[in-house]
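Residue numbers (our numbering), protein chains in the order written: chain A, 1 to 194; chain B, 1001 to 1167.
So the structure is just underneath, and the comments pick up after that.
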Amino acid sequence: MRFARTLLAAAAFASLAGLARAAGPEIGAAAPDFALQTIDGKTLSLAEAAKTHKAVVVMFIATKCPYSNAYNDRMRDMAAAYGGKGVLFVGINSNKTEPLAEVIAHAKEHGHTFPIAKDPDNKVADLYGAGHTPEVYVVTPDGKLRYHGRIDENSEDASKVASPDLKNALDELLANKTVAKAETKAFGCTIKRV
Amino acid sequence: MRRLVRAAALVVAGSVLGAAAPPRASYVIGELDAAGLATRVAQEKGRVVLVNFWATWCEPCREEFPSLSRLASAYRPKGLTVLGVSTDLASQMPGVEKFLAAQNATFPNYRKKSGGDDQDFIDAVDRAWGGDLPFTVLYGRDGRKAKVLAGQQSYAALESEVQKLLQ
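In structure tokens, the structure reads:
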């Protein structure tokens, strides 16, 4: 009887907590490796990139999403600023509705010179449990996930950012510190998988 | 005189035939932060409340919207209140109004208040929510959260959950 009650309680909790998105890696766990072709025809291997950089920032981005587009300048500027510190920014477009030509045009329009790749059949998004854009993951040379979530808390106004979470995480990692706030949340556009 | 009679007749005909109602000034009736949302839900105590978080840029949200309107109309007399909360950016409000007008939304819609930390808002709504849209929360007649539904739902799925809570 108690078992049945426990089962019922577990089912109720699962129902309350049940979310559609598959779970991605936990902070501190191995970040799933992937290899994708970038928009300039090169092969991007996460494992290789992680070995040759102090950190890799994997960003799920979009061409049409207002939330992702609100961060275009911030992505470009951070990629440039942290590129000099050994951090590689990578953009991944997993939206089925945004073809390669559109991704190339979008990158050109916004001056994105960091590697950007299409994610056919959203396999990488599925591996990471990425649900929306923009959503970022930071991977260190040991292949472990150290940060997951948003770039910062203010999608509407870059000049009023109070919690630059990605920047903080990178600064902490570059200083060989543990990331204090390793998981954050934000609204974003659902990755269009169908 | 004849012209006056004809004009009067046209006015009467217009009202009889149901001339188009004047456009509403605004479909979004206010902004809500997490505390405001909790208060708004509490105001409906005794009724089942369905809160849907959506945005104009969210395709599944747009597809789901007619089901919410239909549900709100069908179950309002039976004790259901449907509330919409747009998470669109402030700059997108003209598009939000246009969308709601085109949908002829049958339930009150708010906008998530600008400023503050989205994570605080998301966590206050539901800790297991990652911020993906659409997202629907159902509250029972006692005002307590009873169910969360992540992603686009069919009318049948929404109706089934509402019916359970209305019993």
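Ideal Cβ positions, reconstructed from N, Cα and C, are used throughout, including at glycine.
>> DSSP three-state label for Arg1127 of chain B, please.
In response: As a working mapping, residue 1127 of chain B is identified with position 127 in the second sequence. Per DSSP, reduced to three states, the secondary structure at Arg1127 of chain B is coil, with no helix or strand assignment.
> If you compare alpha carbons, which of B:Tyr1075, B:Lys1045 and B:Asn1109 is closest to Lys1164 of chain B?
Replying inline: Position 164 of the second sequence, counted from the first residue, corresponds to residue 1164 of chain B. Distance check between Lys1164 of chain B and each of B:Tyr1075, B:Lys1045 and B:Asn1109 places B:Tyr1075 closest, using alpha-carbon atoms only.
> DSSP three-state call for Arg1040 of chain B: helix, strand or coil?
Replying inline: In the second sequence, residue 1040 of chain B corresponds to position 40, counting from 1. Helix at Arg1040 of chain B.
> For a contact meaning CB atoms closer than 8 Å, what does Pro1060 of chain B contact in chain A?
Replying inline: Locating residue 1060 of chain B in the second sequence gives position 60, where the first residue counts as 1. Within 8 Å Cβ-Cβ: Thr190.
> Can you name the residues of chain B whose CB is closer than 8 Å to the CB of Ala70 of chain A?
Replying inline: If you number the first sequence from 1, residue 70 of chain A lands on position 70. Going along chain B in sequence order, the residues near Ala70 of chain A (Cβ under 8 Å) are Leu1089.
>> So if DSSP puts Arg1141 of chain B in a beta bridge, which residue, or which two residues, is it bridged to?
In response: Locating residue 1141 of chain B in the second sequence gives position 141, where the first residue counts as 1. Note: Arg1141 of chain B sits in no beta bridge, so no partner.
> chain A beta carbons: is any one of them nearer than 8 Å to that of Trp1057 of chain B?
Replying inline: Working through the second sequence from its first residue, we reach residue 1057 of chain B at position 57. By this cut-off, Trp1057 of chain B is an interface position.
> Considering only C-alpha positions, which residue in the set B:Tyr1027, B:Ile1029, B:Ala1034 and B:Ser1026 is nearest to Asp1123 of chain B?
Replying inline: The residue labelled residue 1123 of chain B in the question sits at position 123 within the second sequence. Considering only alpha carbons, the answer is B:Ala1034.
>> Please list, in chain order, the residues of the segment 1092 to 1120 of chain B that have any C-beta partner in chain A closer than 7 Å.
In response: Near chain A, meaning a CB-to-CB distance below 7 Å, the residues of the segment 1092 to 1120 of chain B are Gln1092, Ser1114, Asp1117, Asp1118 and Gln1119.
> Do you know whose CA, among A:Asn69, A:Phe89 and A:Leu170, lies nearest Thr38 of chain A's CA?
Replying inline: Reading the first sequence from its first residue, position 38 is the one you call residue 38 of chain A. Selected option, being the one with the closest Cα: A:Phe89.
> Are the C-beta of Phe187 of chain A and some C-beta of chain B separated by less than 8 Å?
Replying inline: Position 187 of the first sequence holds residue 187 of chain A. At a cut-off of 8 Å, the C-beta of Phe187 of chain A has a neighbouring C-beta in chain B.
> Do we get a CB-CB distance below 8 Å when we pair Glu265 of chain A with the residues of chain B?
Replying inline: Residue numbering for chain A in the displayed model covers 1 to 194; residue 265 of chain A lies beyond these limits and cannot be assessed.
> Should Lys185 of chain A and Gly1130 of chain B be called a contact, given that it needs their Cβ atoms to be closer than 8 Å?
Replying inline: Translated into positions along the first sequence, residue 185 of chain A becomes position 185. Translated into positions along the second sequence, residue 1130 of chain B becomes position 130. A Cβ-Cβ contact shorter than 8 Å links Lys185 of chain A with Gly1130 of chain B.
>> Residues of chain A with CB closer than 9 Å to the CB of Leu1133 of chain B, please, in chain order.
In response: Position 133 of the second sequence holds residue 1133 of chain B. Result: His132, Phe187, Gly188, Cys189 and Thr190.
> Which class does Arg76 of chain A belong to by DSSP, given the choice of helix, strand or coil?
Replying inline: Position 76 of the first sequence, counted from the first residue, corresponds to residue 76 of chain A. Arg76 of chain A: helix per DSSP, three-state reduction.
> Do Tyr82 of chain A and Leu170 of chain A have their C-beta atoms within less than 8 Å of each other?
Replying inline: In the first sequence, residue 82 of chain A corresponds to position 82, counting from 1. In the first sequence, residue 170 of chain A corresponds to position 170, counting from 1. Yes, these two residues count as a Cβ contact at 8 Å.
> Around the Cβ of Ala1150 of chain B, are there at least 16 other Cβ atoms within 10 angstroms (buried) or fewer (exposed)?
Replying inline: In the second sequence, residue 1150 of chain B corresponds to position 150, counting from 1. It is buried - the Cβ of Ala1150 of chain B has at least 16 other Cβ atoms within 10 Å.
> Between the segment 48 to 79 of chain A and chain B, which residues of the former have CB atoms less than 9 Å from a CB of the latter, in chain order?
Replying inline: Within the segment 48 to 79 of chain A, the residues whose Cβ lies closer than 9 Å to some Cβ of chain B are Lys64, Cys65, Pro66, Tyr67 and Ala70, listed in chain order.
> Is there a Cβ from chain A that is less than 8 Å from the Cβ of Gly1130 of chain B?
Replying inline: Translated into positions along the second sequence, residue 1130 of chain B becomes position 130. Nearest CB-CB separation between Gly1130 of chain B and chain A: below the 8 Å threshold.
>> With a threshold of 8 Å between beta carbons, is Ile1029 of chain B in contact with chain A?
In response: Position 29 of the second sequence holds residue 1029 of chain B. Interface residue (Cβ-Cβ distance to chain A less than 8 Å): Ile1029 of chain B is not classified as such.
>> Please report the straight-line C-alpha distance between Tyr71 of chain A and Trp1054 of chain B, rounded to a whole angstrom.
In response: Taking the first residue of the first sequence as 1, we reach residue 71 of chain A at position 71. Taking the first residue of the second sequence as 1, we reach residue 1054 of chain B at position 54. Each residue's alpha carbon lies about 20 Å from the other.
> For Cys189 of chain A versus Thr97 of chain A, is the C-beta distance shorter than 8 Å?
Replying inline: Taking the first residue of the first sequence as 1, we reach residue 189 of chain A at position 189. Taking the first residue of the first sequence as 1, we reach residue 97 of chain A at position 97. No, the Cβ-Cβ distance between Cys189 of chain A and Thr97 of chain A is not below 8 Å.
> Whole-angstrom Cβ separation of Ala180 of chain A and Arg146 of chain A, contact assumed at under 8 Å?
Replying inline: For this step, residue 180 of chain A is matched to residue 180 along the first sequence. For this step, residue 146 of chain A is matched to residue 146 along the first sequence. Not confirmed; about 11 Å, so no contact.
> Apart from the five residues on each side of it in sequence, which residues of its chain come closer than 8 Å, Cβ to Cβ, to Leu1068 of chain B?
Replying inline: As a first step, residue 1068 of chain B must be located in the second sequence, where it is residue number 68. Correct list, in chain order: Leu1050, Asn1052, Val1082, Gly1084, Phe1107 and Leu1158.
>> On the CB-based measure, 16 or more other CB atoms within 10 Å of its CB, does Asn69 of chain A come out buried or exposed?
In response: Walking along the first sequence from the start, residue 69 of chain A turns up at place 69. Its Cβ being crowded by 16 or more others within 10 Å, Asn69 of chain A is buried.
> How about Glu1031 of chain B and Lys1113 of chain B: do their beta carbons lie closer than 8 Å?
Replying inline: Residue numbering aside, residue 1031 of chain B sits at position 31 when the second sequence is read from its first letter. Residue numbering aside, residue 1113 of chain B sits at position 113 when the second sequence is read from its first letter. In this structure, Lys1113 of chain B lies closer than 8 Å to Glu1031 of chain B by Cβ.
>> Once the 5 residues before and after Ala203 of chain A are set aside, which same chain residues still bring their CB inside 8 Å of it?
In response: Absent from the structure is residue 203 of chain A, since the part of chain A shown begins at 1 and ends at 194.
> Between which two residues does the beta strand (DSSP E) containing Arg1047 of chain B stretch?
Replying inline: In the second sequence, the residue the question calls residue 1047 of chain B occupies position 47. For Arg1047 of chain B, there is no enclosing beta strand (DSSP E), as DSSP marks it with neither H nor E.
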